[in-house]
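As numbered in UniProt numbering, the sequence shown has no gaps in its residue numbers, which increase by one up to the final residue, 420.
All C-beta atoms in this analysis are idealised placements derived from N, C-alpha and C, irrespective of residue type, glycine included.
Computed from a predicted model, the values in this text were never measured in an experiment.
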Amino acid sequence: MSTFQAPKGTYDLTPPRSATFLAVREAISAPLRDSGYGYIETPGFENVELFARGVGESTDIVTKEMYTLTTKGGDQLALRPEGTASVLRAALEANLHKAGNLPVKLWYSGSYYRYERPQAGRYRHFSQVGAEAIGTEDPALDAELIILADQAYRSLGLRQFRILLNSLGDKECRPVYREALQTFLRDLDLDEETRRRIEINPLRVLDDKRADVQKQLTDAPKLRDYLCDACKAYHEEVRALITAAGVAFEDDEKLVRGLDYYTRTTFEFVHDGLGSQSAVGGGGRYDGLSEMIGGPELPSVGWALGVDRTVLALEAEGVELDLPATTSVYAVPLGEEARRVLFGVVTELRRAGVAADFAFGGRGLKGAMKSANRSGARYTLVAGERDLAEGVVQLKDMESGEQTAVPLTEAAAELAKRLG
Ligand code: HAM
């Protein structure tokens with residue numbers, strides 16, 4: 001071990017487990033790529049104001065969890081705690097919404113940073129794959145995203161996840177509800193901090209996990225009773241479309257997300273094998289975010305799935321992904337001349353698209369064969385002085401144990417043929 005360790009709340013991805021992370025990113029993004037979403041990448045940090053305005057001044061993310069810094073030039077930056085505000089900022093900056101092809105559908109994958117109290121499934125550096133569909137109000141778009149996330153999780157073999165669905169109303173009906181809720185909450189017996197929250201973000205009080213708070217909330221006014229006709233109709237259409245697609249979901253009128261930009265449709269994917277950090281993904285509609293960051297009106301919807309928690313969910317369900325072996329052929333040279341010759345064969349194989357590796361470092365046969373076994377290679381190529389004198393290499397099938405001498409000049413072609 002070196003003098004240094006990964007910072008608190010972070011961890012390194014190392015082989016072999018890291019292969020699962022790559023496979024999860026691939027599985028989540030595949031349905032998006034097949035559905036018209038284009039790849040976008042934005043910087044790991046942004047102007048801090050973007051998140052303050054976008055995610056919300058009163059959220060935990062902005063008040064407690066952002067990694068902020070002032071550059072030598074005096075710019076106030078923050079490591080990105082989430083992707084939506086950045087992606088919308090980038091889409092506006094590149095005028096993607098003006099190209100006349102709405103919605104602008106984008107997907108992304110990357111690292112995010114939140115200064116949270118670390119625990120299982122909750123880290124200070126984590127990874128998301130996300131999707132944003134910008135500039136269109138259409139319940140089919142909300143449904144599309146929910147269906148694609150469901151498809152992604154199923155393609156990985158996950159079964160014990162549930163989809164929670166809610167509508168948070170829009171700029172017409174939410175303020176009316178907010179006021180009714182505030183009036184109700186102000187009469188309760190609550191601590192100072194919660195009282196402050198009533199004034200800034202009363203919906204979050206409904207999310208309070210403490211039993212003595214929950215007990216007082218039984219008769220709280222329900223958002224569902226305040227939704228305007230347009231929001232109700234929109235929500236019913238989203239529900240109908242997901243139902244028609246055979247995707248099961250649960251209505252959860254208590255679902256309030258930890259970011260302020262949501263309007264109407266909100267949803268969360270929860271996994272029952274993860275304990276308290278059960279949300280493997282979440283998202284929703286954010287019709288007002290563009291205006292909040294200085295853009296035109298662009299109703300949008302999106303989600304982000306947590307890669308770390310998805311991997312934990314796979315482990316909780318005991319799902320082993322069918323990961324292809326990374327090496328098909330492993331070459332074991334015995335002696336200097338064989339090193340030169342087999343290194344040439346390995347290069348030839350790689351150029352022909354065959355995954356091949358080599359026993360570096362001039363090790364003996366025994367150690368090199370151990371490495372060959374560990375590599376998971378289907379075939380090994382062994383050659384010593386005598387083989388070279390005869391113009392052959394020994395080709396060993398690691399499954400059957402069968403070994404045959406193959407002319408050196410034909411080794412690469414023979415392997416490419418056998419491996420199809
Ligand atoms: P979020 O719910 O904050 O939403 O994060 C989405 C997912 O990221 C979570 O469900 C979780 O799996 C993962 N995640 C969040 N924080 C952590 C953490 N500290 N450690 C490990 N995993 C974590 C958003 O970020 C929104 N931008 C989603 C969205 C996209 N809404 C609309 N478009």
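If you keep only unbroken beta strand (DSSP E) runs of at least 3 residues inside the region 53-137, you get 68-70, 76-79, 104-113, 125-134. Assigned with DSSP and collapsed to three states, L305 falls in strand. By the Cβ rule, the region 88-108 counts as touching the region 24-41, because three or more pairs are nearer than 8 angstroms. By the CB criterion at 9 angstroms, I163 and F269 fall inside the cutoff. The three-state reading of DSSP puts T263 in strand, counting E and B together. Measuring C-alpha to C-alpha distances from L227 to each of L241, V238, D208, P175 identifies P175 as the nearest. Two segments are said to touch when three or more pairs of C-beta atoms, one from each, lie closer than 8 angstroms; by this definition the region 77-90 touches the region 43-52. Take the alpha-carbon of G367 and the one of E390: they are about 25 angstroms apart.
If you compare the alpha carbons of R114, L77, A52 with that of A85, the shortest gap goes to A52. Out of R378, E337, E402, M369, the CA that lies nearest to the CA of G384 is found in E337. The alpha carbon of A325 has as its nearest neighbour, out of V301, G376, D75, the alpha carbon of G376. Here the alpha carbon of L22 sits roughly 26 angstroms from the alpha carbon of M1. Just measuring C-alpha positions, the residue of L323, D357, P16, T265 sitting nearest L165 is T265.
In the three-state DSSP reduction, N166 falls in the strand class (E or B). For Q182, the closest of G281, S155, A19, L217 by C-alpha to C-alpha distance is L217.
For N373, the enclosing alpha helix (DSSP H) begins and ends at 365-375. Relative to the Cα of K64, the nearest Cα in the group P81, D75, L334, Q76 belongs to P81. The C-alpha of G157 lies about 15 angstroms from the C-alpha of V307. A distance below 8 angstroms between beta-carbons, with the five flanking residues on each side excluded, links T71 to the following residues of its chain, in chain order: L77. Judged by beta-carbon spacing, A359 lies within the 9 angstroms limit of Y330, meaning their Cβ atoms are closer than that value. Going by C-alpha positions, G56 is about 31 angstroms away from A27. By the Cβ-count criterion, K396 is buried, with 16 or more other Cβ atoms from all chains shown falling within 10 Å of its own Cβ.
Counted as a single uninterrupted DSSP element, the beta strand (DSSP E) harbouring L381 occupies residues 379-383.
By alpha-carbon distance to E317, the top candidate from Q160, M369, Y113, A149 is Q160. Beta-bridge partners assigned by DSSP to N47: L77.
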